[in-house]
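All residue numbers for the sequence shown refer to our numbering, where the first residue is 190 and numbers rise by one.
For glycine and all other residues, C-beta sits at the position ideal for the given N, C-alpha and C.
Here the structure is a predicted model, which is why all the values come from computation and not from measurement.
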Amino acid sequence: MFLKKMRRDIIIEGGLVGHLQHLYDNKDLTFGEMKQILRKASTGRLEKVSEKMDGMNLVFSYDLSQDTVKVTRGSDITAGGMDAAALAAKFAGRGSVEEAFTGAFRVLEGAIRALPAKVRQKVFGRTANRWYSMEIIYTKNPNVINYDSNNLVFHGWPVFKRDTSGEVQMSEDEVGGVDVLTQNIERMQKAVDATGWRVRGPSVVRMRFVQWHDVPRHGHSN
């Protein structure tokens, strides 16, 4: 009997945002801190919990000086990202993947242009200074979960800051941009209703404390 040699590869996920970190990925966490996080999760006391969506990630901004949406999947953010033509060229010939990204761009553009100029400047800055993460859910290109509608879902984290020199840093949402976008979901949705897509804010989950006696115990009698 012959044993096949195992190979270990690094999986690169999610474009610019990259791998969704788990607790064990954070080498700075102590065992006590991990216990505290798990204890809070088990008793429904974690704050700002959002559902992980099973789609394709895209990071986006809006350049008021050029009046255009800009998006990125990687290092091109330093040069100001991609417009519609560059994004289409990047995924050209890839069937439903190309459809997903180009369709999402059109919806995103229509949604953001429905916002007043002063709101766009507050959220994105004058020259695409702040970039946000979103998930593209496209029914014709499922990953593991099969969704029944096409969606753009804004994430609350991470946010990227880009200065005039092109230097990029991951940062907190200092201006509350995701909250502003979420507050304007109805306005944006109305602008893109005809496309059949849905525009959504972060899918916030309400956790609850579950008592042990509330959990079904199959195979045991009282």
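Can you tell me whether residue i is buried or exposed, with buried defined as 16 or more other CB within 10 angstroms of its CB?
i	result
Met323	buried
Ile274	Before going further, note that residue 274 is Ala rather than Ile in the sequence given. It counts as exposed.
Ala293	buried
Asp382	exposed
Gly314	buried
Leu264	Reading the sequence as shown, one finds Ser at residue 264 and not Leu. Exposed, because fewer than 16 other Cβ atoms sit within 10 Å of the Cβ of Ser264.
Glu298	buried
Ile325	buried
Phe249	buried
Ala278	exposed
Val333	exposed
Lys259	buried
Met377	buried
His208	The predicted model places His208 with a pLDDT of 48, which falls under 50 and marks its position as unreliable; any figure quoted below should be read in that light. By the neighbour-count rule (16 or more Cβ atoms within 10 Å), His208 is not buried but exposed.
Gly355	exposed
Arg196	Only weak support exists for where Arg196 lies, its pLDDT of 48 falling under 50; the value from the coordinates is given anyway. Looking at its Cβ environment, which holds fewer than 16 other Cβ atoms inside 10 Å, Arg196 is exposed.
Arg309	buried
Met245	buried
Quick one: grab the DSSP three-state call for residue i.
i	result
Gly366	helix
Ile325	strand
Gly221	helix
Arg315	coil
Pro391	coil
Ser354	coil
Val348	strand
Val342	strand
Ile201	Confidence at Ile201 is low in this model, with a pLDDT of 46, below 50, so the placement of that residue is unreliable and no value is reported for it.
Asp337	coil
Lys193	Residue placement at Lys193 is poorly supported in this model, since its pLDDT is 48, which falls under 50; the coordinates still yield a value, given next. Coil at Lys193, not helix or strand.
Could you tell me whether the Cβ atoms of residue i and residue j are closer together than 8 Å?
i	j	result
Arg389	Asn340	yes
Val312	Leu370	yes
Pro305	His344	no
Phe280	Trp320	no
Met271	Thr261	yes
Ala380	Ala268	no
Counting Cβ pairs closer than 8 Å, one from the segment 357-368 and one from the segment 282-300, do we hit at least three?
-> When C-beta atoms of the segment 357-368 are compared with those of the segment 282-300, fewer than three pairs fall below 8 Å, so the two segments do not count as touching.
4-residue-minimum alpha helix (DSSP H) runs that sit fully inside the segment 237-312, ordered along the chain | For the segment 237-312, whole alpha helix (DSSP H) runs of length 4 or above, ordered along the chain, are 273-279, 285-302.
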